[in-house]
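Written below as structure tokens is the structure these notes are about.
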Amino acid sequence: MKVILICILVTSIFPFSCNKVEKKVHIEDLNSEHSIVLNPKRGKAYTTYQIVISGNVDDSVKINYLGHPIYLNGRVSFEETNDYYGSKDFEVSFIPYKATSGTLTIEASIF
Numbered sequence: 016m017k018v019i020l021i022c023i024l025v026t027s028i029f030p031f032s033c034n035k036v037e038k039k040v041h042i043e044d045l046n047s048e049h050s051i052v053l054n055p056k057r058g059k060a061y062t063t064y065q066i067v068i069s070g071n072v073d074d075s076v077k078i079n080y081l082g083h084p085i086y087l088n089g090r091v092s093f094e095e096t097n098d099y100y101g102s103k104d105f106e107v108s109f110i111p112y113k114a115t116s117g118t119l120t121i122e123a124s125i126f
């Protein structure tokens, strides 16, 4: 019985891990736009997006995703996980704003 339960658990989790699409960008030039575009695989189901942004900047930076801008500054530690039911590309964009120095790492995934 225990073996059957483990097999069911593994097979129920495995298909979702195969559907994960993820990208990461490290930004040192805060004067240029940077984008991450995640392309869903045809015929695969996605239910969740996740964005993780970390780094340190001297002033405000602007990040756009799903049509919503967010502004971050100073020591950045941002993470959001939410519903995503789409077959369209998922884009996260860094847009130059007030910050002139620092670094950011942006990780985005859909699964």
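Sequential numbering of the sequence shown, starting at 16, is according to my numbering.
Heads up, the beta-carbon is just placed ideally off N, CA and C, and yes, glycines get one too.
Taking 7 Å as the threshold (C-beta atoms), are Y112 and S75 in contact? yes
Would you decide whether I125 is buried or exposed? Buried here means 16 or more other CB atoms lie within 10 Å of its CB. buried
In the DSSP assignment, what are the bridge partners of T63? D98
Would you say N106 and S50 are within 7 Å of each other, going by their C-beta atoms? Just to set this straight, residue 106 is Glu in the shown sequence, not Asn. Taking 7 Å as the Cβ cut-off, E106 and S50 qualify as a contacting pair.
Through-space distance from N71 to N34, alpha-carbon basis: 32 Å
Round the Cβ separation of T115 and L45 to the nearest angstrom and send it over; I've been treating them as touching at under 8 Å. 6 Å
When you compare each of E37, K39, K38 and L119 to Y86 by their alpha carbons, which one comes out closest? L119
Straight-line CA distance for E7 to A60? Only positions 16 to 126 of the chain appear in the structure, and residue 7 is not among them; the question remains open.
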